[in-house]
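Trainee: Going down the list, the sequences are from chains A and B. The first sequence maps to residues 1 to 134 in my numbering. The second sequence maps to residues 1001 to 1169 in my numbering. The C-beta atom is built at its ideal place from N, Cα and C for all residues, glycine as well. In this text the structure is predicted, and so the values were computed from the model without any measurement.
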Amino acid sequence: MRSVDVGDPPFAAPLLGVDEVRVARTGDLLVVHASKRIRAGDPYLEGHFPSLVIYPGVFIVETLRQAVALAVGGPAEVTRLRSVRFLAPLFEHDTLRLEATVRSGPGRALAVEARSFRGDGREAARLRLELERG
Amino acid sequence: MPTVLDHAAIRSLLPQGHPIALVDRVIALDPGVSIVGLKAVTGSEPCYRSGDAGAYPVSLMLESFGQTAAILWLVSLGSSPVRDDRVLMLTAIRDCTIEGRALPGDVLRHEARLDQVIGDNVFVAGEILVDDRRLATVGSMMAVMRPRTVFSERADAQDTGSRSEGETP
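1) Judging by CA-CA distance, which residue of B:Arg1011, B:Gly1017, B:Gly1037 and B:Ala1021 is the nearest neighbour of Thr1003 (chain B)?
2) With contact counted as at least three CB pairs below 8 Å, one residue from each stretch, are the stretch 1085 to 1096 of chain B and the stretch 1128 to 1147 of chain B in contact?
3) Comparing the C-beta of Val78 (chain A) with each C-beta of chain D, is any distance below 8 Å?
4) Using 8 Å as the threshold, is the stretch 1101 to 1120 of chain B in touch with the stretch 1028 to 1044 of chain B, meaning 3 or more CB pairs across them?
5) Chain B beta carbons: is any one of them nearer than 8 Å to that of Leu81 (chain A)?
6) How many whole angstroms separate the CB atoms of Val18 (chain A) and Gln66 (chain A), which I take to be in contact at a CB cut-off of 8 Å?
7) Anyone know if the C-beta pair for Val21 (chain A) and Leu70 (chain A) falls short of 8 Å?
8) So that I know if they touch, is there some Cβ in chain B lying closer than 8 Å to that of Arg133 (chain A)?
9) Near Phe1123 (chain B), which residues of its chain fall below 7 Å by C-beta distance, leaving aside the five closest residues on each side in sequence?
10) For Asp1028 (chain B), does the count of other Cβ atoms within 10 angstroms reach 16, so buried, or fall short, so exposed?
11) Please report the distance separating the alpha-carbon of Asp1006 (chain B) from that of Thr95 (chain A).
12) Of all the beta strand (DSSP E) runs that stay within the bounds of the stretch 1025 to 1091 of chain B, which reach a length of 3 or more residues?
13) On the CB-based measure, 16 or more other CB atoms within 10 Å of its CB, does Met1 (chain A) come out buried or exposed?
14) Quick check: the stretch 24 to 34 of chain A against the stretch 1053 to 1071 of chain B, are there 3 or more CB pairs under 8 Å?
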């Protein structure tokens, strides 16, 4: 897999959702692995919740979106959430790991399936989304 | 439109705190049935700190919708406004389509309805609009309410930097 330089999110983003991302291509599928450490000082997290940091489920979607955008090398926005299940919470100091596959088409559509994990190996979320390239 | 719940009342109900308390006003509320909540999109929100003034993130649109639905649920339960002892957690989203986006200056209008309550779990659905423009359709969103004490071991671990196994909801 090759690493992608993360930099700053190119469009309005609630927070930096990705620390590291690696990409590989197998056939017509893009395989994306990403990680994000949960930090209490990140934007929005001081309120979610006061005195107990839990990474918002919608931010797992955001992390996935940013990872895919970095992997395809340009903006990508969510157009459909087919099925997203949040299975276990992520707390401060934990590291979210994401393993996703991205299939292109038709047109600018990207079909994304992903599983995400906590540092203890427990599954944090399962996601099936569609994004659209910018 | 009349204000049914102002932002202060909303803050006393929801466990989310600033700057992720994403419902400004409730303008319609039928307990157990439906709710209409508003959230003004502003360029002074943290998501715009980098100077890019693009579309309001979908993740925050959905969080704002979810919180509006949570207000409906909490009011329907007759919950006392002791928000600090609870956490509300999103557990699932299904069949959600994003058709449009919001920009600073737009006011999101969340029209949510309660589909089902099973124990601590609630199923809601609805739409996100700006004026007469529909931005999103939420087929189903599920959330669960947990007392904060469920996470108390984890909360202590956060303070000390150690880890312990806590109950997973």
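Mentor: The structure says:
1) Looking at the Cα atoms, B:Gly1037 is the closest of the given residues.
2) Taking a contact to require three or more Cβ pairs closer than 8 Å, the stretch 1085 to 1096 of chain B and the stretch 1128 to 1147 of chain B qualify as touching.
3) Considering every chain present, this structure includes no chain D. Its protein chains are A and B.
4) The stretch 1101 to 1120 of chain B makes contact with the stretch 1028 to 1044 of chain B; the number of CB pairs closer than 8 Å reaches 3 or more.
5) For Leu81 (chain A), the answer is yes, since a Cβ of chain B falls inside 8 Å of its Cβ.
6) About 5 Å separates the beta carbon of Val18 (chain A) from that of Gln66 (chain A), a gap short enough to meet the 8 Å contact definition.
7) A contact, by the Cβ cut-off of 8 Å.
8) Closer than 8 Å: no.
9) So the list reads Asp1115, Gln1116, Ser1140 and Met1142, once near-sequence residues are dropped.
10) According to the sequence provided, residue 1028 (chain B) is Ala. The question's Asp does not apply to it. Flag for Ala1028 (chain B) reads exposed.
11) Near 37 Å, if we compare the C-alpha coordinates of Thr95 (chain A) and Asp1006 (chain B).
12) If only complete runs of 3 or more residues are kept, the stretch 1025 to 1091 of chain B shows the beta strand (DSSP E) at 1025 to 1030 and 1034 to 1040, in order along the chain.
13) Classification of Met1 (chain A): exposed, given that the 10 Å Cβ count is below 16.
14) Touching, no.
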